[in-house]
Structure formats: structure tokens, C-alpha cells
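Structure, rendered in C-alpha cells:
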């Protein structure tokens with residue numbers, strides 16, 4: 105084996121070692137990103153649930169305020185309640201299908 109061949113072989117080994125090192129770095133980075141994605145998905149789910157709970161609470165407060173209002177506004181409250189009841193009936197009908 106000539107000196108030039110040895111140099112080429114050493115260069116090839118160095119390149120292979122660098123390639124493995126880069127692969128390991130990318131693999132570690134990929135694992136960290138997958139973990140971060142999982143955590144972010146959990147956070148999104150939690151925030152969606154919180155949003156739904158706040159929406160329902162807001163609707164209840166709107167209805168309560170309408171109930172406390174004067175007689176003219178009682179009609180609005182009844183109308184709103186009827187709308188909500190119809191929405192619930194539609195949901196129940198969809199669940200029964």
C-alpha cells in the first residue's frame with residue numbers, strides 16, 4: 105500500500121467518523137423534537153378543553169343575566185334557551201344515529 109493510499113484511507117475513515125457523529129447528532133435532535141411535539145400536542149388539547157369549558161361557562165352566565173333582566177328581556181332569554189335546547193336535541197339525534 106502506497107503512502108497516497110494510506111492518506112486516502114485515513115481521510116475516508118475520518119469522513120466516515122464525521123458522518124456517524126453527524127448522524128448521532130441528528131438522531132438526538134430528532135428525538136428531542138418528537139418529545140417537544142408530544143408536549144405541544146398535549147398543551148393544545150388542554151387548551152381546547154379549557155376553551156370549551158370557558159365557552160360553556162360564558163353561555164351559562166349569558167343565560168343567567170338574561171333571566172335576571174326585565175320582562176321584555178325574558179322573551180330573549182326564553183328564545184336563547186329554546187335555541188340551546190334545539191342544539192342539544194340535534195346533538196342527541198346525531199349521537200343516536
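Residue numbers (my numbering): 105 to 201.
All C-beta atoms, glycine included, are put in the ideal place defined by N, C-alpha and C.
Here the structure is a predicted model, which is why all the values come from computation and not from measurement.
Worksheet entry | Three-state secondary structure assigned by DSSP to residue 152 | Here residue 152 refers to the residue found at position 48 when the chain shown is read from its first residue. Three-state result, residue 152: helix.
Worksheet item: How about residue 170 and residue 180: are their beta carbons less than 8 Å apart?
Response: Here residue 170 refers to the residue found at position 66 when the chain shown is read from its first residue. Here residue 180 refers to the residue found at position 76 when the chain shown is read from its first residue. Going by C-beta atoms, residue 170 is nearer than 8 Å to residue 180.
Fill in: For residue 201, the three-state DSSP class (helix, strand or coil)
For this step, residue 201 is matched to residue 97 along the chain shown. It is coil, neither helix nor strand.
Worksheet item: Among residues of its own chain, excluding the 5 on either side of residue 189, which ones have a beta-carbon nearer than 6 Å to its beta-carbon?
Response: Along the chain shown, read from residue 1 onward, the residue named residue 189 stands at position 85. So no residue of the chain qualifies.
Worksheet item: Hey, residue 196 and residue 184: beta-carbon distance below 8 Å or not?
Response: Position 92 of the chain shown, counted from the first residue, corresponds to residue 196. Position 80 of the chain shown, counted from the first residue, corresponds to residue 184. Going by C-beta atoms, residue 196 is not nearer than 8 Å to residue 184.
Fill in: Cα-Cα separation, residue 191 to residue 144
By 1-based counting over the chain shown, the position of residue 191 is 87. By 1-based counting over the chain shown, the position of residue 144 is 40. So the two alpha carbons sit approximately 32 Å from each other.
Discussion item. Tell me the rounded alpha-carbon separation between residue 112 and residue 141.
Written reply: What you label residue 112 is simply residue 8 of the chain shown in a count that begins at 1. What you label residue 141 is simply residue 37 of the chain shown in a count that begins at 1. Going by the C-alpha atoms only, they are around 43 Å apart.
Discussion item. Which of the three DSSP states is assigned to residue 171 in this structure?
Written reply: Start at 1 with the first residue of the chain shown, and residue 171 comes out as number 67. Here residue 171 sits in helix by DSSP.
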